[in-house]
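Chemist:
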Amino acid sequence: MYNKILWNVGLEIREENGLGELGIAIAPKALLMNPWEVPRIDCETLARILLRNVLAHHRYIAAVEITFFVARSPVLLSILQDKYSVRKLTISAVTCCETKVFEALGKLANPTDQNYADEGEKYFCFSVRLPLFVIPKEQGSITLTSLDVADLEFCTGCARQLIDILLQNNTISDLTVGSCVSTYDCVDVLHGFVLYLQKHRSPLKKLTVRTPEVSKRALETLVKAIAPRTTLEELVVDIDIYDVEEKALFAEVIARNRNLLTPLTVSSLHLENSEILCRTFEILISSNHVTSLRVCVQDCFVHKIQAAMAAYIMEARTLKDLEVHSYVNEPELEDQQHDPDAGKLLVNALAFNLSLTRITVRELPLSENNFEVLANGFANSQNLSELSIAVLSRDSYNSFLQTLVSGIESNYRLLRVGLPICKGRNTELAVIRNITRRNASLVTRAARFVMGDHDPFNARAVELVSGHERVLSIFQENAVVDAREAATMFNCALGLRCLTGLDDYMRLAGVVKRRVQCIGGRDSSVQLDELSYECWIHIRKFLKCGRCFGS
């Protein structure tokens, strides 16, 4: 009920990664109730009223995502500073430099994650520069672990201040930076960042460098500084590199720690020859360390490229995250949308891949039938948890939406679905949104059960999302165990007596209050309560307590 109100102002309450924690977030535009209508009350005023009341009265808001015009509210800033439950803060659409806002937000009682970002999705691989700001220094009990400043423009003085703060910081494990550390004229800033990377016993585990503006000298310096950091668990390099020599610079980093190269971008802007694109996908088949792939193809998405990409996707066993962005001209779009065989191989590869957990598809020139195949495959996927798709044709979008809605009810994996806004399709979008919210709740409850909270409400969820990647990752983060240990402990939880015993199961499912007692029949047949434990366990394999009697 609250989200139906909040959607009208572009906000929503959603469950966060933590156990039983909630967050206030900017809702994806595709999920707004009536995105083409103007709210009856001023959007800014209503947003501030809602935020003020929820933040002031709800005890377990752990994350807040707001736009900059909302963050400027003195009342909201005061509430945020006193809100000890808030540990993650994201400010989107930063439009002006107001130091007092950032200084106030820097005094948050207990934040572990701060992001200052541009609003909206980036359809292209070019970063968007935003105005300047002064980053707040650590205050009191602040334990900042994640910082993303890649999309902010820094003056030289602010960049130096950022480097000084990083050099003094001993808590940040996830850092994302942009051109502020690789500008052409600020040698001392780059040198300072190198010193930061060379810090002894640094907690840094993940480093992301994202910028279209980098000189060859700066690139060489960064590579030499990053290469010795074998303690890095993840390195993401999102830089537009055109020169062959510059591309070769990263060979040293890869040679030192090959596991770092997990995200990869393949773009026709840089690989203009279709033969090279096809050859790239052939090589990727043997690259079993790549877990994330982003493909951008402009005006040359021909059959052989689609076939090469499809062959790779079908063979990719370690690939978890896939983005496919296609930018085609009008004649090519019309031809392929009316060709029933256009993209058939690629569609089958996307729909029936067994390893993908996140898929983003933008403007693929496919026929209406192929979009139905995609929707059916996504709805029945046993691994896919995040889906974002943009369809150019209205008819294709309608077919995709109808097929997805018809099969999504029994899907317990999808946690987030991003779709284009479409007038007249609120009912279908609301169904999809409710399913993803249900699944997010199941994941959180299952993780709590595995960690020892055996409340019946949590127990009913654990089987429905058994093996869900997000459940295991939540458990890993909170129990401080690796992936294998998390999977083992999850399987042990599934074998607990409260889930397997006859009386325990029937109580959990809401069938009985205490124990099962069957009234004897006229014949001598074995009753349910007379079954051996082994026989009952065999029957139990075909039952899901979360599906019994609508529980």
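All you need for my numbering is the position in the sequence shown, starting with 1, plus 101.
Where is the CB? At the ideal position from N, CA and C, for every residue including glycine.
All figures in this text were calculated on a predicted structure; none of them were measured in a lab.
Look at Ala562 and Ala541 and say whether their C-beta atoms are less than 7 Å apart.
Modeler: Counting from one through the sequence shown, the residue named residue 562 turns up at place 461. Counting from one through the sequence shown, the residue named residue 541 turns up at place 440. Going by C-beta atoms, Ala562 is not nearer than 7 Å to Ala541.
Chemist: Which same chain residues, not among the five before or five after Asn512, have their C-beta less than 6 Å away from its C-beta?
Modeler: Residue numbering aside, residue 512 sits at position 411 when the sequence shown is read from its first letter. Ala480.
Chemist: Are the beta-carbon atoms belonging to Arg311 and Gly279 less than 7 Å from one another?
Modeler: Locating residue 311 in the sequence shown gives position 210, counting from the first residue. Locating residue 279 in the sequence shown gives position 178, counting from the first residue. Yes, the pair counts as a contact, with Cβ atoms nearer than the cut-off.
Chemist: Does the beta-carbon of Glu113 have 16 or more other beta-carbons within 10 angstroms, so that it is buried, or is it exposed?
Modeler: Mapped onto the sequence shown, residue 113 falls at position 12. Under this definition Glu113 is a buried residue.
Chemist: Which runs of the beta strand (DSSP E) fall wholly inside the segment 372-407 and span at least 3 residues, in chain order?
Modeler: Entirely contained in the segment 372-407, the beta strand (DSSP E) runs reaching 3 residues are, in chain order, 393-399.
Chemist: Alpha carbon to alpha carbon, how far is Leu597 from Phe591? Give it in angstroms, no decimals.
Modeler: Within the sequence shown, the letter at position 490 stands for residue 591. Within the sequence shown, the letter at position 496 stands for residue 597. Spanning the two alpha carbons is a distance of roughly 10 Å.
Chemist: What are the boundary residues of the alpha helix (DSSP H) that includes Ser626?
Modeler: Position 525 of the sequence shown holds residue 626. Looking at the DSSP string, Ser626 is not in any alpha helix (DSSP H), and its letter there is neither H nor E.
Chemist: For Tyr498, does the three-state DSSP call read helix, strand or coil?
Modeler: Taking the sequence shown and counting its residues from 1, the one referred to as residue 498 is at position 397. If DSSP states are grouped into helix, strand and coil, Tyr498 belongs with the helices.
Chemist: What would DSSP say about Lys325, mapped onto helix, strand or coil?
Modeler: Position 224 of the sequence shown, counting from 1, holds the residue named residue 325. Reduced to three states, the DSSP call for Lys325 is helix.
Chemist: Between which two residues does the alpha helix (DSSP H) carrying Ala480 extend?
Modeler: To locate residue 480, count along the sequence shown from 1; it is residue 379. Unbroken alpha helix (DSSP H) run through Ala480: Glu469 to Ala480.
Chemist: Among Met552, Leu156 and Leu263, whose alpha-carbon lies nearest the alpha-carbon of Ser179?
Modeler: In the sequence shown, residue 179 corresponds to position 78, counting from 1. If we check each option's Cα against that of Ser179, Leu156 comes out closest.
Chemist: Starting from the C-beta of Gln577, find all residues in its chain whose C-beta is less than 6 Å away, skip the five residues before and the five after it, and write them out in chain order.
Modeler: Here residue 577 refers to the residue found at position 476 of the sequence shown. Closer than 6 Å at Cβ, skipping near neighbours: Ala587.
Chemist: Going by other Cβ atoms of all chains shown within 10 Å of its Cβ, with 16 needed for buried, is Arg616 buried or exposed?
Modeler: Translated into the one-based positions of the sequence shown, residue 616 becomes position 515. Arg616 should be labelled exposed.
Chemist: What did DSSP end up calling Leu112 once you bin it into helix, strand or coil?
Modeler: Position 11 of the sequence shown, counted from the start, is the residue given in the question as residue 112. In the structure shown, Leu112 sits in a strand (DSSP, three-state: E or B).
Chemist: Nearest to Asp422 by CA position, among Arg641, Glu487, Pro304 and Leu446, is which residue?
Modeler: Along the sequence shown, read from residue 1 onward, the residue named residue 422 stands at position 321. Minimum Cα distance to Asp422 is reached at Glu487.
Chemist: Please determine, among Asn484, Tyr428 and Glu335, the residue with the shortest C-alpha to C-alpha distance to Ala491.
Modeler: Here residue 491 is taken as the residue at index 390 of the sequence shown, counted from 1. Per the Cα distances, Tyr428.
Chemist: May I ask you to report which of helix, strand or coil DSSP gives Val613?
Modeler: The residue given as residue 613 occupies position 512 in the sequence shown. Coil, per DSSP.
Chemist: Is it the case that the CB of Leu597 approaches a heavy atom of the ligand NAD more closely than 6 Å?
Modeler: Absence of the ligand NAD is noted for the structure shown, with no ligands found whatsoever.
Chemist: Between His390, His301, Leu378 and Arg115, which lies nearest to Ile50 when the distance is taken from Cα to Cα?
Modeler: This structure leaves residue 50 out entirely; the chain is present only between 102 and 652.
Chemist: Per DSSP, what kind of secondary structure is Gly444 in: helix, strand or coil?
Modeler: Walking along the sequence shown from the start, residue 444 turns up at place 343. The answer is coil: DSSP assigns Gly444 none of H, G, I, E or B.
Chemist: Can you tell me whether Val176 is buried or exposed, with buried defined as 16 or more other CB within 10 angstroms of its CB?
Modeler: In the sequence shown, the residue the question calls residue 176 occupies position 75. It counts as exposed.
Chemist: Grab the span of the beta strand (DSSP E) containing Asp252 for me, first residue to last.
Modeler: Counting from one through the sequence shown, the residue named residue 252 turns up at place 151. Taken as a continuous stretch (DSSP letters only), Asp252 belongs to no beta strand (DSSP E), as it is neither H nor E.
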